[in-house]
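Read the structure below first, then the notes.
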Amino acid sequence: MTAIPKSRSLALLALPAALLIVGVYAAPMVGLGRMSFNETGPTGAMVNAFSFDIWAQMLGDDFTWELTLNSLWLSFVATTAALVLGYPLALFLFRTESRFRGLLIVLAVAPMLVSSVVRVFGWLAILGDRGFINFLLMQSGLASAPTRLVYNLTGAAIGLTESLMPYMILALLAGFGRLDRTLEEASASLGAPAWRTFTRVTLPLSLPAILLGWLLCFVLAMSAYVTPKLLGGGRVFLLATEIYDQAITTVNWPLAAALALFTLVVLTLFLGTYSALSRKVQA
Amino acid sequence: MPSLSIQGLTKRYGATVAVDGLSLDVGAGEAVALLGPSGCGKTTTLRMVAGLIEPGDGSIRLDGVDITRQPAYRRGMGYVFQSYALFPHMSVSANVGFGLDERGVGRAERDQRVSQALDLVRLQGLGHRKPKELSGGQQQRVALARALVIKPAVLLLDESLSNLDSKLRDAMRQEIRDIQRALSITTLFVTHDQIEAFTMCDRIAVMEKGRIAQIGSARDIYDDPVSRFVAQFVGRANVLPLTRTGDGLSLAGAPVSVSSVPTGDVDLFIRPQLVKLLAPSEPASGLDRLTGKVTRVSFVGERVEVVVDTAAGRIIVEPPAGTTPPDEGADIGVGWRPADARAFRREDA
Ligand SMILES: Nc1ncnc2c1ncn2[C@@H]1O[C@H](COP(=O)(O)OP(=O)(O)O)[C@@H](O)[C@H]1O
Ligand SMILES: [Mg+2]
Chain A
1 MTAIPKSRSL ALLALPAALL IVGVYAAPMV GLGRMSFNET GPTGAMVNAF
51 SFDIWAQMLG DDFTWELTLN SLWLSFVATT AALVLGYPLA LFLFRTESRF
101 RGLLIVLAVA PMLVSSVVRV FGWLAILGDR GFINFLLMQS GLASAPTRLV
151 YNLTGAAIGL TESLMPYMIL ALLAGFGRLD RTLEEASASL GAPAWRTFTR
201 VTLPLSLPAI LLGWLLCFVL AMSAYVTPKL LGGGRVFLLA TEIYDQAITT
251 VNWPLAAALA LFTLVVLTLF LGTYSALSRK VQA
Chain B
284 MPSLSIQGLT KRYGATVAVD GLSLDVGAGE AVALLGPSGC GKTTTLRMVA
334 GLIEPGDGSI RLDGVDITRQ PAYRRGMGYV FQSYALFPHM SVSANVGFGL
384 DERGVGRAER DQRVSQALDL VRLQGLGHRK PKELSGGQQQ RVALARALVI
434 KPAVLLLDES LSNLDSKLRD AMRQEIRDIQ RALSITTLFV THDQIEAFTM
484 CDRIAVMEKG RIAQIGSARD IYDDPVSRFV AQFVGRANVL PLTRTGDGLS
534 LAGAPVSVSS VPTGDVDLFI RPQLVKLLAP SEPASGLDRL TGKVTRVSFV
584 GERVEVVVDT AAGRIIVEPP AGTTPPDEGA DIGVGWRPAD ARAFRREDA
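Protein sequences appear in the order of chains A and B.
Taking the working numbering, the leading residue of the first sequence gets 1, the next gets one more, and so forth.
Taking the working numbering, the leading residue of the second sequence gets 284, the next gets one more, and so forth.
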């Protein structure tokens, strides 16, 4: 048998993954990059070229920046809401000694098994003008006209939040490693009431979980398409929906490619800042 | 320093009775050990005193004030956890100062008391470290300092030394005992290690199955165990089966006397230190005696241990220091004063 040097044999292990990434990720990205320097002919067909026209047009358009802000804002709101709602749930699931713990965890992440289209229709039934919530509001006399809860940013945010929650809960559960009941008991024995124990011990110790969950869900939110598209009713303009529209509806491939790369840059910058900040917070 | 009084404390977990009507008084400034085998309910008792679990029944009083239903954070008990339970995200100083923050102690006084507490446990200068940067012994001291700095009503220690190596444990025992005495802190100390209980406490409460089997000084318990369980759990004892004869008891045919004898089948208990080695035919007035053969002589540290096989069974003898031990294989006699022997009912095998 020939002895393979250790570092080389380890590198071999990474080969399949590396090939896969080059094949399905890097190569298309390069293709996308190349495409963004093409031009659109008068007929709307893509013309091979090497010009910065599309980039200049995109970056000079206020609408691009509006899309960026919308996307960042919606992702921020939905991710934060998923965190606030998911945290107590995850903490309960982490802590419970119930023999149904496994089942409860499966239930918490079960929505992942349902197609997002189906879930969107569920939300329409709940949030629509003649949906469940408005029915209750009007029947109880709290409102005389239906409140707009779908086909706007609110609807998109609600739907997105719900679709992020399973991921948030899983990420939190994975990150809760340092949480320890004994530490909370120590805190209580030292004179801290429950809420002080929460802010001084539980919350700081779950910070790694929070940072991880927030990051994961933010990335998912930025790339979400179906939920905000359907619940936004075409009135919520985001980077993801615009890329789709440019590629499929308008068939402006160079612009769609440029937008996609632009989104990638925005996300990379954002995540760079985020991880630098979170390293500082955790130090 | 307040006194602690526990009355009829009970805790059930389903069918298990973890603590079963336990009553115990700890005087002001006194250190009492709860000594018992694993699973006898020591931790459960301590946690009820601290308010970390709710008692099913019974009461806990501090200087006569009922605190049975008071939440843990209002009790002001200093609890030293077996795992230390130091806050990993805080420095040593912050850990020690935690309880002072909760009491609203001002910054200057807090810093001063924290540094005093660190001095007390000989950790001066390590305040800025994180717990994980300390050795096990040092972490243990931080946990102790954190519990002491709040001037606890009662200091509660749960097997606090069991995670240390034996040398460090000896040193910490002495250190904790000195601090406890110097500050005269009312202390309840849980352990399954009798040496720990003997060296660190004024009185020892031996626990069996959620109850206190016997309470008293180390000497009392060692010399005068009230039950078979206590006699066997605390110290070592030779156990020899007795048979009832017409008007008395006999050990392998030889008549013996024991002060108080329970009914039923009984065994004789005698401590190895209280057995004397005799020449095989030496007359021994006032002693009950047996003859046998020396099967082993071993040196256990500074002690000598002689194993003698007799007709009644194997007897371990610890002769006083300075005696010349007999040769292995020699015929020998063993004897003891009847007053030193105890008889306890035989356990169902
Ligand atoms: N939370 C609990 N649930 C069920 N049983 C428990 C619980 N805590 C303790 N027990 C049981 O109560 C008994 C006493 O436990 P514990 O107080 O921890 O004993 P010790 O500290 O003396 O080793 C044991 O039989 C243990 O299994
Ligand atoms: Mg225990």
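Quick reminder that beta carbons are idealized off the backbone N, C-alpha and C, glycines included.
Regarding residue i and ligand 2, is the C-beta to nearest heavy atom distance less than 7 Å?
i        : result
B:Asp441 : yes
B:Thr326 : yes
Is the beta carbon of residue i sitting closer than 8 Å to the one on residue j?
i        : j        : result
B:Gly420 : B:Met455 : yes
B:Gly616 : B:Thr574 : yes
A:Arg196 : B:Glu385 : yes
B:Thr326 : B:Leu305 : no
A:Ser187 : B:Met360 : no
A:Ala157 : A:Leu74  : yes
B:Leu406 : B:Arg424 : yes
B:Ile468 : B:Met284 : yes
B:Glu491 : B:Phe472 : no
B:Leu292 : B:Ile343 : yes
B:Gly612 : B:Arg554 : no
B:Ile498 : B:Ala514 : no
A:Tyr32  : A:Ala221 : The question names Tyr, but residue 32 of chain A is Leu in the sequence shown. Their beta carbons are not under 8 Å apart, which means A:Leu32 does not touch A:Ala221 by this criterion.
B:Ala316 : B:Ala496 : no
B:Ala626 : B:Val549 : yes
A:Leu231 : A:Gly159 : yes
B:Arg412 : B:Ser374 : yes
A:Thr161 : A:Ala78  : yes
B:Gly324 : B:Ala298 : no
B:Ile639 : B:Leu427 : A question about residue 639 of chain B goes unanswered here, because the residues of chain B that appear run from 284 up to 632.
B:Tyr356 : A:Pro193 : yes
B:Pro563 : B:Val587 : no
B:Val558 : B:Val600 : yes
Could you check if residue i belongs to the surroundings of ligand 1, using beta carbon to heavy atom distance under 7 Å?
i        : result
B:Ala301 : yes
B:Gly347 : no
B:Ser445 : no
B:Ser321 : yes
B:Tyr362 : no
A:Tyr167 : no
B:Tyr296 : yes
Whose Cβ in chain A lies nearer than 8 Å to the Cβ of residue i?
i        : result
B:Arg344 : Correct list: empty, because the minimum Cβ distance to chain A is about 18 Å.
B:Tyr362 : Glu185, Ala186, Ser189
B:Arg352 : In chain order: nothing, as chain A lies at least about 15 Å away.
B:Leu335 : Glu185, Ala188, Ser189
B:Ala368 : Asp180, Thr182, Leu183, Glu185, Ala186
B:Tyr296 : Those do not exist, as B:Tyr296 stays about 12 Å from chain A at its closest Cβ, beyond 8 Å.
B:Ile433 : Leu190, Gly191
B:Gly359 : Gly191
Cβ of residue i versus every heavy atom of ligand 3: is any distance shorter than 7 Å?
i        : result
A:Ser115 : Among the ligands in the structure shown, ligand 3 does not appear; only ligand 1 and ligand 2 can be found there.
Quick test of your reading: residue i and residue j, contact by CB under 8 Å. State the CB separation rounded to the nearest angstrom.
i        : j        : result
B:Gln477 : B:Leu318 : 6 Å
A:Leu164 : A:Ala82  : 4 Å
A:Leu93  : A:Leu85  : Contact doesn't hold; Cβ gap of about 13 Å is too wide.
B:Ile433 : A:Gly191 : 7 Å
B:Val590 : B:Arg572 : Actually they are not in contact, since the Cβ atoms of B:Val590 and B:Arg572 sit about 17 Å apart, beyond 8 Å.
B:Phe364 : B:Asp303 : Wrong, their Cβ atoms sit about 24 Å apart, outside the cutoff.
A:Asn134 : A:Thr147 : 6 Å
Using the beta-carbon of each residue, which ones in chain B are nearer than 7 Å to residue i?
i        : result
A:Pro193 : Tyr356
A:Arg196 : Glu385
A:Val201 : Phe370
Give me the chain A residues within the contact set of residue i, using Cβ-Cβ distance strictly less than 7 Å, ordered along the chain.
i        : result
B:Phe472 : Simply none; closest approach about 16 Å.
B:His372 : Pro204, Leu205
B:Gly382 : Leu190, Gly191
So which residues on chain A does residue i lean against when the C-beta distance must stay under 9 Å?
i        : result
B:Arg429 : Ala186, Leu190
Given that residue i touches chain B, what residues does it touch there, using C-beta distances under 9 Å?
i       : result
A:Val30 : Within chain B, no residue comes near A:Val30; the closest Cβ sits about 44 Å away, beyond 9 Å.
Give the list of continuous alpha helix (DSSP H) stretches no shorter than 4 residues that lie fully inside the region 297-341 of chain B.
Runs found: 325-333.
Whole alpha helix (DSSP H) elements within the region 88-153 of chain A, 4-residue minimum
Within the region 88-153 of chain A, the complete alpha helix (DSSP H) runs of at least 4 residues are 101-109, 116-127, 132-139.
For the region 333-403 of chain B, list the beta strand (DSSP E) runs that are entirely contained and at least 3 residues long, ordered along the chain.
Counting whole runs of 3 or more residues, the region 333-403 of chain B contains the beta strand (DSSP E) stretches 340-345, 361-363.
Length-filtered (3 minimum) beta strand (DSSP E) runs lying within the region 545-620 of chain B: Counting only runs of 3 or more, we get 549-553, 559-561, 571-583, 586-593, 596-600, 614-619.
Please list the segments of the alpha helix (DSSP H) lying wholly inside the region 198-281 of chain A, counting only runs of 4 or more residues, in order along the chain.
Qualifying alpha helix (DSSP H) stretches, in chain order: 207-223, 226-232, 239-244.
Point to revise | 4-residue-minimum alpha helix (DSSP H) runs that sit fully inside the region 16-68 of chain A, ordered along the chain | key: Within the region 16-68 of chain A, the alpha helix (DSSP H) runs of at least 4 residues that lie entirely inside it are, in chain order, 27-35, 53-60.
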